[in-house]
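2 protein chains.
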Amino acid sequence: MFANTPEPPYYAVIFTSIKNDQDEGYGAMSEKMLKLVQQQKGFLGVESAREEVGITVSYWKDRASIQTWKANLEHLKAQEKGKSAWYKDYKIRIAKVERDYEK
Amino acid sequence: MFANTPEPPYYAVIFTSIKNDQDEGYGAMSEKMLKLVQQQKGFLGVESAREEVGITVSYWKDRASIQTWKANLEHLKAQEKGKSAWYKDYKIRIAKVERDYEK
Chain A
16 MFANTPEPPY YAVIFTSIKN DQDEGYGAMS EKMLKLVQQQ KGFLGVESAR
66 EEVGITVSYW KDRASIQTWK ANLEHLKAQE KGKSAWYKDY KIRIAKVERD
116 YEK
Chain B
16 MFANTPEPPY YAVIFTSIKN DQDEGYGAMS EKMLKLVQQQ KGFLGVESAR
66 EEVGITVSYW KDRASIQTWK ANLEHLKAQE KGKSAWYKDY KIRIAKVERD
116 YEK
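Quick mapping for you: the protein sequence lines, in order, are chains A and B. Start counting the first sequence at 16; every next residue gets the next number (our numbering). Start counting the second sequence at 16; every next residue gets the next number (our numbering).
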């Protein structure tokens, strides 16, 4: 259920978003991207939840892996559609995980 | 709606959790902690959503502010109750935000 991340350091991409009412194609694209991201080099896992805001945190080995995923052609199409149609607003934060612990 | 964070660098605490069925007192404590955290030195904002997993990301000026909040007496009581009663599982990641951008 939680992303099974290794010992720090590793990277987190915190994607916070608010959706538009326009939802067409969103579910299918989400599933497609979820499959595709799992094939990316350096991808470690993802956690996601949505209420008023959506929060998706993906985890990565390093910043180079994040850059490569951002430039992926299929992902670029999804980003463009997200920007023009699905998301009213979003914010992306790239962060280096320095420490983690659990219950 | 989004946390109004300053220019990086700043810190993010990514708290991922799965709740137990036992829910007594949880809502009241959440509200209490949300009020209290906003009075803490170095607190920058918080974003939260829950579906299968809950994700709460709080933002902080530096790691010292995070440590001070973790050791706050009222917060320690909440943490203890969370550990013993409300949360089936949780994971906490402390990360330095190096870059951010938005729509």
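For glycine and all other residues, C-beta sits at the position ideal for the given N, C-alpha and C. Since the structure is predicted, the reported quantities are computational estimates derived from the model, not experimental observations.
- For residue 52 of chain B, the nearest beta carbon of chain A is not closer than 8 Å to its own beta carbon.
- Listed along chain A are 64, each with a C-beta nearer than 8 Å to that of residue 69 of chain B.
- In the three-state DSSP reduction, residue 47 of chain B falls in the helix class (H, G or I).
- With its beta carbon less than 8 Å from one in chain B, residue 115 of chain A belongs to the interface.
- For residue 27 of chain B, the closest Cβ of chain A is nearer than 8 Å.
- Residue pairing for residue 100 of chain B: DSSP places it in no beta bridge.
- In the pairwise beta carbon analysis, the region 30-37 of chain A is classified as touching the region 98-107 of chain A: at least three pairs are separated by under 8 Å.
- For a cut-off of 8 Å, the C-beta gap from residue 84 of chain A to residue 54 of chain A is around 10 Å, too long to register as a contact.
- Within chain B, the C-beta atoms nearer than 8 Å to that of residue 16 of chain A come from 33, 67, 68 and 104, in chain order.
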